[in-house]
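Only one structure is covered here, and it is reproduced in the block below.
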Amino acid sequence: MPGQYIDLHTHSLISDGSDTPAELVKKAAQQGLSALALTDHDSLAGLDEAEETARAVGVDFIRGVEIAVESDSEELHLLGLWMPRQSTRLRDALALLRRQREDRNQAILDALRAKGIFVSMEDVRAVSTGEAVGRPHIALALVNRGYVTSRKEAFDRYIGRKGEAFVPRTLLSPKEGVALLRDEGATVVLAHPFLSHVMTRERLEDLVSDLRAWGLSALEAYHNAHDAYHVRLCFDVALRHNLLLSGGSDYHGANKNGVRLGVGKGNMRVPFAVLSALREHRKNKGLQA
Ligand code: AMP
Ligand code: ZN
Ligand code: FE
Ligand code: FE
1306 MPGQYIDLHT HSLISDGSDT PAELVKKAAQ QGLSALALTD HDSLAGLDEA
1356 EETARAVGVD FIRGVEIAVE SDSEELHLLG LWMPRQSTRL RDALALLRRQ
1406 REDRNQAILD ALRAKGIFVS MEDVRAVSTG EAVGRPHIAL ALVNRGYVTS
1456 RKEAFDRYIG RKGEAFVPRT LLSPKEGVAL LRDEGATVVL AHPFLSHVMT
1506 RERLEDLVSD LRAWGLSALE AYHNAHDAYH VRLCFDVALR HNLLLSGGSD
1556 YHGANKNGVR LGVGKGNMRV PFAVLSALRE HRKNKGLQA
């Protein structure tokens, strides 16, 4: 399919995006994207609606999810693509991750209160739209209560890694995260390797040798935060470690200004061939694609 583009990393209001799953798929169709994956954080709750809409509007849809893992006290993100429709084990595992989010959210609100900043869980719930609630929602609650003027300020001053009320979240190890997705028959992608400013080529090479042994299949080379240099680095590392490529905008609707579906900050394009290669790989492994 020459000249056709796809987006394999997007968020709906089930986690911290602003579009409903159906709206997201319709936007993809309007933009002429030929394939889309919905990859909400720690939740599969938007997938059925998105899949149904995709069938109606003729978009090739891939059921996805995004989870965070912790490596050397840095957070890494993994995407699972082709997530199964029914799996009790997976449902339980994601429910536990969401419960750990809730515990962490409460701990952040407690830390804020100790500083004289009063935001309640009700305030947070009032601005959250789905089942995976996190810091982006706390940030909005802080804006709404007038403690900060922007979500960025909320992260910089209070809830970001260097903020006064930062509390870490309990995360899986990279090995556990990869295994959780891979054991469900999903294709595991290391998301946005260069989003973190501490990532280097050397670090990435070390990391992917481990991750690949545990079941990683692809690197997300195309992403809104990757410039042409990062994309090339990902190509190189993928080639050297026998990994496939993936790519997506990490669109969050109105919740992430300046990041657009299919094109990221404007110049990202993920060719359809990326999806074809992932599918080919799955077929060779006897997995549904
Ligand atoms: P959580 O999953 O609850 O730890 O929240 C993480 C999310 O918060 C990330 O996926 C980003 O969307 C958002 N985020 C993290 N750091 C910042 C920041 N400095 N400014 C704005 N948003 C951020
Ligand atoms: Zn997000
Ligand atoms: Fe991410
Ligand atoms: Fe994401």
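Each number in this note's numbering corresponds to the 1-based position in the sequence shown with 1305 added.
Even glycine gets a Cβ: it sits at the ideal position worked out from N, Cα and C.
Relative to ligand 3, is the shortest distance from any of its heavy atoms to the C-beta of residue i smaller than 7 Å?
i	result
Asp1555	yes
Glu1354	no
Ala1470	no
Ala1496	yes
His1531	no
His1382	yes
Would you mind stating whether residue i and residue j have Cβ atoms separated by less than 8 Å?
i	j	result
Leu1341	Gly1490	no
Ser1392	Val1364	no
Ala1496	Leu1384	yes
Val1446	Val1453	Just to set this straight, residue 1446 is Ala in the shown sequence, not Val. Taking 8 Å as the Cβ cut-off, Ala1446 and Val1453 do not qualify as a contacting pair.
Leu1318	Asp1312	no
Asp1353	Ala1437	no
Ile1413	Ile1443	yes
His1557	Val1568	no
Asp1428	Asn1449	yes
Leu1566	Lys1332	yes
Thr1492	Leu1417	no
Would the beta-carbon of residue i be found less than 7 Å away from any heavy atom of ligand 4?
i	result
Tyr1344	According to the sequence as given, residue 1344 is Thr; it is not Tyr. Yes, ligand 4 has a heavy atom inside 7 Å of this Cβ.
Glu1371	yes
His1502	no
His1316	yes
Smallest Cα separation from residue i: which of the options?
i	options	result
Ala1523	Phe1540, His1382, Leu1548 and Gly1468	Leu1548
Met1504	Val1483, Thr1358 and Cys1539	Cys1539
Asp1461	Pro1441, Ala1484 and Pro1479	Pro1441
Val1432	Thr1315, Leu1486, Gly1322 and Gln1336	Gly1322
His1546	Ser1514, Lys1480 and Asp1532	Ser1514
Arg1508	His1314, Pro1326, Glu1379 and Tyr1310	Glu1379
At a cut-off of 7 Å, would you count residue i as near ligand 1, judging by its Cβ distance to the nearest heavy atom?
i	result
Pro1441	yes
Arg1587	no
Phe1423	no
Phe1499	no
Lys1457	yes
May I ask whether a heavy atom of ligand 2 can be found less than 7 Å away from the beta carbon of residue i?
i	result
Asp1321	yes
With hydrogens ignored, establish whether the beta-carbon of residue i is closer than 7 Å to any heavy atom of ligand 6.
i	result
Gly1558	Ligand 6 is not part of this structure, which contains only ligand 1, ligand 2, ligand 3 and ligand 4.
May I ask you to verify whether the region 1572-1592 touches the region 1523-1541, counting CB pairs closer than 8 Å and requiring at least 3? yes
- Message: Using 8 Å as the cut-off, can you tell me whether the region 1347-1364 makes contact with the region 1412-1427, which would need three or more C-beta pairs spanning the two stretches below that distance?
- Response: no
Margin query: I'd like the ranges of any beta strand (DSSP E) spanning at least 3 consecutive residues and lying wholly in the region 1444-1480.
Written below: none
Next item on the list: May I ask you to verify whether the region 1510-1521 touches the region 1462-1476, counting CB pairs closer than 8 Å and requiring at least 3?
Entry: no
Would you mind listing the alpha helix (DSSP H) stretches within the region 1497-1574 that are 4+ residues and don't spill past its ends, in chain order? 1506-1519 and 1533-1545
**Request:** Any chance you could list the beta strand (DSSP E) runs of at least 3 consecutive residues sitting entirely within the region 1368-1425, in chain order?
**Result:** 1379-1386
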